[in-house]
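To start, the structure itself, in structure tokens.
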Amino acid sequence: MATSTMQFKIYRYDPDKDNAPYMQDASVEVDFAIDRKLLDVLTRLKAKDDTLSYRRSCREGICGSDAMNINGKNGLACLTEIKDLKQPVVLRPLPGLPVIRDLIVDMTQFFKQYHSIKPYLINEGPRPERERLQSPEEREELNGLYECILCACCSTSCPSFWWNPDKFVGPAGLLNAYRFIADTRDQATNERLDDLEDPYRLFRCHTIMNCVDVCPKGLNPTRAIGKIKEMMVRRAI
Amino acid sequence: MSKLSIPVRKFDAVIVGAGGSGLRAAIQLSEAGLKTAVLSKVFPTRSHTVAAQGGVSASLGNSEEDHWHWHMYDTVKGSDWLGDQDAIEYMCRKAPEVVVELEHFGMPFDRTDEGKIYQRPFGGHMSNFGEKPVRRACAAADRTGHAMLHALYQRNVRANTQFFVEWMALDLIRDQSGQVLGVIALEMETGEVVAFHAKATVFATGGAGRIFYSSTNAFINTGDGLGMAARAGIALEDMEFWQFHPTGVAGAGVLITEGVRGEGGILRNSTNERFMERYAPNAKDLASRDVVSRAMVTEINEGRGCGPNKDFVLLDITHLDPATIMKRLPGIREISIQFAGIDPIKAPIPVVPTCHYQMGGVPTNYKGQVVGDDGTPVRGFYAAGEVACASVHGANRLGTNSLLDLLVFGKASGDTVIENVRSGEIGLKELPADFADRTMARLNRLNTQTGGANVNETRLELQRTMQKHCGVFRFNDMLIEGVAKILDIEKAVARTEIKDKSHVWNTARVEALELDNLIEVAKATMVSAEARKESRGAHVRDDAPDTPANPNGRDDVNWHKHTLWHRDGNRLGFKPVIMKPLSVETIALKTRSY
Chain P
2 MATSTMQFKI
12 YRYDPDKDNA
22 PYMQDASVEV
32 DFAIDRKLLD
42 VLTRLKAKDD
52 TLSYRRSCRE
62 GICGSDAMNI
72 NGKNGLACLT
82 EIKDLKQPVV
92 LRPLPGLPVI
102 RDLIVDMTQF
112 FKQYHSIKPY
122 LINEGPRPER
132 ERLQSPEERE
142 ELNGLYECIL
152 CACCSTSCPS
162 FWWNPDKFVG
172 PAGLLNAYRF
182 IADTRDQATN
192 ERLDDLEDPY
202 RLFRCHTIMN
212 CVDVCPKGLN
222 PTRAIGKIKE
232 MMVRRAI
Chain U
11 MSKLSIPVRK
21 FDAVIVGAGG
31 SGLRAAIQLS
41 EAGLKTAVLS
51 KVFPTRSHTV
61 AAQGGVSASL
71 GNSEEDHWHW
81 HMYDTVKGSD
91 WLGDQDAIEY
101 MCRKAPEVVV
111 ELEHFGMPFD
121 RTDEGKIYQR
131 PFGGHMSNFG
141 EKPVRRACAA
151 ADRTGHAMLH
161 ALYQRNVRAN
171 TQFFVEWMAL
181 DLIRDQSGQV
191 LGVIALEMET
201 GEVVAFHAKA
211 TVFATGGAGR
221 IFYSSTNAFI
231 NTGDGLGMAA
241 RAGIALEDME
251 FWQFHPTGVA
261 GAGVLITEGV
271 RGEGGILRNS
281 TNERFMERYA
291 PNAKDLASRD
301 VVSRAMVTEI
311 NEGRGCGPNK
321 DFVLLDITHL
331 DPATIMKRLP
341 GIREISIQFA
351 GIDPIKAPIP
361 VVPTCHYQMG
371 GVPTNYKGQV
381 VGDDGTPVRG
391 FYAAGEVACA
401 SVHGANRLGT
411 NSLLDLLVFG
421 KASGDTVIEN
431 VRSGEIGLKE
441 LPADFADRTM
451 ARLNRLNTQT
461 GGANVNETRL
471 ELQRTMQKHC
481 GVFRFNDMLI
491 EGVAKILDIE
501 KAVARTEIKD
511 KSHVWNTARV
521 EALELDNLIE
531 VAKATMVSAE
541 ARKESRGAHV
551 RDDAPDTPAN
561 PNGRDDVNWH
571 KHTLWHRDGN
581 RLGFKPVIMK
591 PLSVETIALK
601 TRSY
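Here the protein sequences line up with chains P and U, keeping their order.
Per my numbering: the first sequence = residues 2 to 238.
Per my numbering: the second sequence = residues 11 to 604.
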């Protein structure tokens, strides 16, 4: 057994009993033959101390539950290799959103922004009997957009989102806005562009590109935002 | 008047679970204007439907001729004739309609050159009543479940569906007459317990794959709907049938879609042999899942496994064009790199059969109504998706029929609720005075338990016991011993202790409550498996071998029937398989081979 002790510093806060959050030192035995990912080790930590609270579900990077700040960078615990981590591993909740408890943040504002871009196909035309046709090339335009898992790693790493979470849609919301703009089946491109033509909703993006750096799915919100800006320019002339 | 009072909220309908079937039902109800609450332990797009990869079946015939009747034949055969043929006909006939509807909702399906929905071959999908493989699985790369779940959620955003996110349903409310009146649920953020009093209650709580140690399932798949139903006196149907997916990543358990074999992937043993040619000369690597899983375990048991411990086989796609892999299987490549540490373009993926899907569940008819042992609907109670047993999957589910099940029966249950509410057949009946007592007593027991059992350890013991005693191959003595062990573990579950007694986001409490549900599923599974003295579909016993009288060990004379497990007294009942379809002729019993 290739066991070893790993050291952690974990953000703890239980509103039932703590006046203020604090950083807790913790250590745990890991077995590198079984434990590969940070989530495996969190499971071990929780087995020792059942008060440690975090979200998790699929453990394979597709549900988006276990986003957190790991050694200063946002990521998914289930996709983070433990052998690459510098110790003590510092775990904090996603920055910029209110903390409910330990590593669990209140994501209301994040989802509010997602909902604000009307994240659904708008096509008021008569429903055809069969599927609406779309060429493979047109469908290709959705690649790199539809794969978003709404984990919030990107938006909560964005300084513009930290400053104006109520006004700036944020990288996740904008990536999804472009997912519908780019969809040939959607008829609301103009309304979508009108909605975003606003000093805050879109134009708070200053291409800092933290979003691209942290996206666990390798998506590029900055490029999607650039495409939206490009379409606005093109429709103005 | 009960001594324990909790807040009560009133709705026309409450849907428990916001995965594929819950969201599909919610679209029907919200768009019809019913006052509906959708409860989910996780934000809807985090439900486990998100992890489905390969496709959703429908005989669209976009690449070659196909017909719903062929799809129906394949499903009946895949079920090893345990599926109910009325429900199977209903599902296969409805498939093109619900898949096209999903496309209209915005689902980003891959496309053929003509711009139609892309379809790929899949295990057990054949044309012309079992003749040769057909392209029936409609796919969005290898992220079909993700694309589908998001499209369904998005349609609900448009319909203004009212969600209660991060609420865990704890118990079903039933009155003396047996009518279901809603659920009691826990708000995880506050710890508050609230009753959702409704005319109709729809269970869409998904599966319980976490009863096994090695599972493709998410942490949240703890059979909450099954536990609640069992505690409320509803029998569970065909719980001995669990699908072991042939290709879970060895060690990690993460799913590798059958779509990999649909795109040309091949299973190989330690001698590099394509061993499926010996087990299924016709369908080969695309035989039904139970057949492939058994072949793999046989190879491993006979010493032809790979790796230092000879405990897995290899899934090889190195012969495929890397461009095809990047286009059709990008997620699989990511998963292989992440969880197996190999790039499948360059090296084969180590895989092993892994618990994946529960064929059994809460008994329903094809309209999504939960039914009692005699087939009479339970008033006010509906179920769809993996928690339900319609039964369309019988003893073994065909790949891609699960996503189809969610769409067809999510929609059907929604439509039936609308019909029953509008006709006045179900109304808001008064809650019994003691409706919350049992739930509050359970919560109180957990809060005050001292010197009790550790939740994590008890769950692990349950999972290891299920894995060891109720796996791909089953043995009589192991099953008998398994029943005793699970009943022992039940005693520990009854006295679990948590250290964390706080109110806000207490995940220790949630995990203990989930264990209350897992144990019901484990009991149902082990007891039903011990009782069924034949081999059928995914349930294979070594004392029911392949003989001329009982091909593949199947005993139609004594066991062509559904199992019904009752929590009360841990006893079993049975009911006949519905062999009469809705409009076509019965697909008669036949030996199953691929």
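Just so you know, even glycine gets a beta-carbon here, dropped at the ideal spot from N, CA and C.
Check: Quick one: Cα of MET24 of chain P to Cα of PRO89 of chain P, how far?
Finding: Counted from its first residue, the first sequence places residue 24 of chain P at position 23. Counted from its first residue, the first sequence places residue 89 of chain P at position 88. So the two alpha carbons sit approximately 12 Å from each other.
Notebook entry, point to check: Per DSSP, what kind of secondary structure is LYS13 of chain U in: helix, strand or coil?
Noted result: On the second sequence, residue 13 of chain U is found 3 positions in, with the first residue counted as 1. Note on LYS13 of chain U: pLDDT 49, under 50, position unreliable in the model; the coordinate value appears next. In the three-state reduction of the DSSP assignment, LYS13 of chain U falls in the coil class, being assigned neither a helical nor a strand state.
Note to self: Is there a Cβ of chain P sitting closer than 9 Å to that of MET11 of chain U, yes or no?
What the structure shows: For the purposes of this step, residue 11 of chain U is identified with residue 1 of the second sequence, where counting begins at 1. Low confidence applies to MET11 of chain U: its pLDDT is 40, below 50, so where it sits in the model is not reliable, and the reading given next is rough at best. For MET11 of chain U, no Cβ of chain P is located within less than 9 Å of the residue's own Cβ.
Next item on the list: Compare the Cα-Cα distances from PRO586 of chain U to each of U:GLU124, U:ARG432 and U:GLY385 and report the closest residue.
Entry: Here residue 586 of chain U is taken as the residue at index 576 of the second sequence, counted from 1. Taking PRO586 of chain U as reference, the option from U:GLU124, U:ARG432 and U:GLY385 with the minimal CA-CA separation is U:GLY385.
Notebook entry, point to check: Excluding five sequence neighbours on each side, which residues of the same chain lie with their C-beta closer than 8 Å to the C-beta of THR4 of chain P?
Noted result: Indexing the first sequence from 1 puts residue 4 of chain P at position 3. Answer for THR4 of chain P: GLU30, VAL31, ASP32 and PHE33, listed in chain order.
Next item on the list: Determine the burial state of ASN568 of chain U: buried for a count of at least 16 other Cβ atoms within 10 Å of its Cβ, exposed for fewer.
Entry: On the second sequence, residue 568 of chain U is found 558 positions in, with the first residue counted as 1. That one is exposed.
Check: Looking at C-beta atoms only, is the number of pairs between the stretch 176 to 186 of chain U and the stretch 213 to 231 of chain P that lie closer than 8 Å three or more?
Finding: Too few Cβ pairs lie closer than 8 Å, so no.
Check: Would GLY174 of chain P count as contacting chain U if we go by Cβ distances under 9 Å?
Finding: Mapped onto the first sequence, residue 174 of chain P falls at position 173. Closer than 9 Å: no.
Check: Using 9 Å as the limit for Cβ to Cβ distance, is GLY171 of chain P near chain U?
Finding: Along the first sequence, read from residue 1 onward, the residue named residue 171 of chain P stands at position 170. Contact of GLY171 of chain P with chain U is not assigned, every C-beta pair being separated by 9 Å or more.
Notebook entry, point to check: Where does TYR179 of chain P land, buried or exposed, given buried means 16+ other C-beta within 10 angstroms?
Noted result: Stepping through the first sequence from its first residue, residue 179 of chain P is reached at position 178. It counts as buried.
Next item on the list: Note down the Cα distance separating LYS119 of chain P from ARG186 of chain P, rounded to an integer number of angstroms.
Entry: The residue labelled residue 119 of chain P in the question sits at position 118 within the first sequence. The residue labelled residue 186 of chain P in the question sits at position 185 within the first sequence. Cα to Cα, the separation comes out at about 15 Å.
Notebook entry, point to check: Can you tell me whether TYR147 of chain P is buried or exposed, with buried defined as 16 or more other CB within 10 angstroms of its CB?
Noted result: Here residue 147 of chain P refers to the residue found at position 146 when the first sequence is read from its first residue. Result: buried.
Check: Per DSSP, which one or two residues make a beta bridge with ILE359 of chain U?
Finding: Taking the first residue of the second sequence as position 1, residue 359 of chain U is located at position 349. U:LEU325.
Next item on the list: Starting from GLN379 of chain U, follow the beta strand (DSSP E) in both directions and report where the run begins and ends.
Entry: On the second sequence, position 369 is the one that residue 379 of chain U refers to. Looking at the DSSP string, the run of the beta strand (DSSP E) that includes GLN379 of chain U is 379 to 381.
Item checked: Amino acids of chain U, ordered along the chain, whose beta-carbon sits closer than 7 Å to that of GLU132 of chain P -> Numbered from 1 along the first sequence, position 131 holds the residue referred to as residue 132 of chain P. Neighbours of GLU132 of chain P on chain U, chain order: VAL110, GLU113, LYS126 and ILE127.
Check: For ILE241 of chain P, which beta-bridge partners are listed by DSSP?
Finding: Nothing can be reported for residue 241 of chain P, as the shown portion of chain P is limited to 2 through 238.
Checklist line | Whole-angstrom C-beta distance between ASN406 of chain U and GLU90 of chain U, which should lie under 8 Å | finding: Taking the first residue of the second sequence as 1, we reach residue 90 of chain U at position 80. Taking the first residue of the second sequence as 1, we reach residue 406 of chain U at position 396. Sequence check: residue 90 of chain U is Asp here, not Glu. Rounded, the Cβ-Cβ distance is 6 Å, consistent with contact.
Notebook entry, point to check: Short check: CB of ALA607 of chain U to CB of ALA350 of chain U, under 9 Å?
Noted result: Because chain U spans 11 through 604 in this model, residue 607 of chain U falls outside it and cannot be assessed.
Next item on the list: Would you verify that the beta carbon of ASP185 of chain U is, or is not, closer than 9 Å to some beta carbon of chain P?
Entry: Residue numbering aside, residue 185 of chain U sits at position 175 when the second sequence is read from its first letter. ASP185 of chain U does not count as touching chain P.
Notebook entry, point to check: Nearest chain U C-beta to PRO120 of chain P closer than 9 Å, yes or no?
Noted result: On the first sequence, position 119 is the one that residue 120 of chain P refers to. Answer yes: the Cβ-Cβ gap between PRO120 of chain P and chain U drops below 9 Å somewhere.
Note to self: Quick check: THR328 of chain U and ILE345 of chain U, are their CB atoms within less than 9 Å of each other?
What the structure shows: If you number the second sequence from 1, residue 328 of chain U lands on position 318. If you number the second sequence from 1, residue 345 of chain U lands on position 335. Cβ atoms of THR328 of chain U and ILE345 of chain U: not closer than 9 Å.
Check: Under the rule that 16 or more other beta-carbon atoms within 10 Å means buried, what is ASP51 of chain P, buried or exposed?
Finding: As a working note, residue 51 of chain P is residue 50 in the first sequence. With 16 or more other CB atoms across the displayed protein chains lying within 10 angstroms of its CB, ASP51 of chain P is buried.
Notebook entry, point to check: Between the Cα of GLU130 of chain P and the Cα atoms of U:ASP353, U:SER303, U:VAL203 and U:GLU107, which residue gives the shortest distance?
Noted result: The residue given as residue 130 of chain P occupies position 129 in the first sequence. Checking every option, the nearest Cα to that of GLU130 of chain P belongs to U:GLU107.
Margin query: Using a Cβ-Cβ cutoff of less than 7 Å, which residues in the same chain neighbour THR374 of chain U once the five nearest sequence positions on both sides are dropped?
Written below: By one-based count along the second sequence, residue 374 of chain U stands at place 364. A distance below 7 Å between beta-carbons, with the five flanking residues on each side excluded, links THR374 of chain U to the following residues of its chain, in chain order: VAL380, VAL381, ALA393, ALA398, CYS399 and ALA400.
Note to self: Tell me which residues share the same chain as ILE221 of chain U and place their Cβ nearer than 6 Å to its Cβ, disregarding the 5 neighbours each side in the sequence.
What the structure shows: On the second sequence, residue 221 of chain U is found 211 positions in, with the first residue counted as 1. Counting only residues of its own chain and dropping the five nearest sequence neighbours on each side, ILE221 of chain U has a CB closer than 6 Å to the CB of MET476, LEU528, VAL531 and ALA532.
Notebook entry, point to check: By Cβ distance, which residues of its chain are closer than 7 Å to THR157 of chain P, with the 5 residues on each side in sequence left out?
Noted result: Residue mapping note: residue 157 of chain P aligns to position 156 of the first sequence, counting from 1. For THR157 of chain P, the CB contacts under 7 Å within the same chain, skipping 5 residues up- and downstream, are ASN75, LEU95, PRO96, GLY97 and LEU98 in chain order.
Note to self: What ranges does the alpha helix (DSSP H) occupy inside the stretch 119 to 181 of chain P, keeping only unbroken runs of at least 4 residues that lie completely in it?
What the structure shows: Fully contained in the stretch 119 to 181 of chain P are the following alpha helix (DSSP H) runs of length 4 or more, in chain order: 137 to 141 and 160 to 164.
Next item on the list: Show which residues of chain U have a CB atom less than 7 Å away from the CB atom of CYS59 of chain P.
Entry: On the first sequence, residue 59 of chain P is found 58 positions in, with the first residue counted as 1. At a C-beta separation below 7 Å, CYS59 of chain P has these neighbours in chain U: HIS58, VAL60, ALA61 and ALA228.
Next item on the list: Under 8 Å between beta-carbons, which chain P residues line up against TRP515 of chain U? List them in chain order, please.
Entry: The residue labelled residue 515 of chain U in the question sits at position 505 within the second sequence. Near TRP515 of chain U (Cβ distances below 8 Å), the residues of chain P are SER54, ILE101, ARG102, ASP103 and ILE105.
Next item on the list: Quick one: residues in its chain with C-beta nearer than 7 Å to the C-beta of ARG505 of chain U, no 5 flanking neighbours on either side, listed in chain order?
Entry: Sequence index remark: in the second sequence, residue 505 of chain U carries index 495 (1-based). Cβ neighbours of ARG505 of chain U beyond the five flanking positions: GLN459, GLY462 and ALA463.
Checklist line | Span separating the alpha-carbon of ILE101 of chain P from that of GLU199 of chain U | finding: Against the first sequence, residue 101 of chain P aligns to sequence position 100. Against the second sequence, residue 199 of chain U aligns to sequence position 189. In this model, ILE101 of chain P and GLU199 of chain U are separated by some 8 Å (Cα to Cα).
Check: Does the distance from the CB of LEU592 of chain U to the CB of GLU283 of chain U come in under 9 Å?
Finding: Here residue 592 of chain U refers to the residue found at position 582 of the second sequence. Here residue 283 of chain U refers to the residue found at position 273 of the second sequence. No Cβ-Cβ contact shorter than 9 Å links LEU592 of chain U with GLU283 of chain U.
Margin query: Report the start-end ranges of each alpha helix (DSSP H) in the stretch 50 to 124 of chain U that is 4 residues or longer and not cut off at the edges.
Written below: The stretch 50 to 124 of chain U contains these whole alpha helix (DSSP H) runs: 78 to 88 and 95 to 115.
Notebook entry, point to check: Quick one: does SER512 of chain U have its CB under 9 Å from some CB of chain P?
Noted result: The residue you call residue 512 of chain U lines up with position 502 of the second sequence. Among the residues facing chain P, SER512 of chain U is included, as its CB has a counterpart in that chain under 9 Å away.
Checklist line | Three-state secondary structure assigned by DSSP to THR185 of chain P | finding: By one-based count along the first sequence, residue 185 of chain P stands at place 184. Residue state for THR185 of chain P is assigned as coil, using DSSP reduced to three classes.
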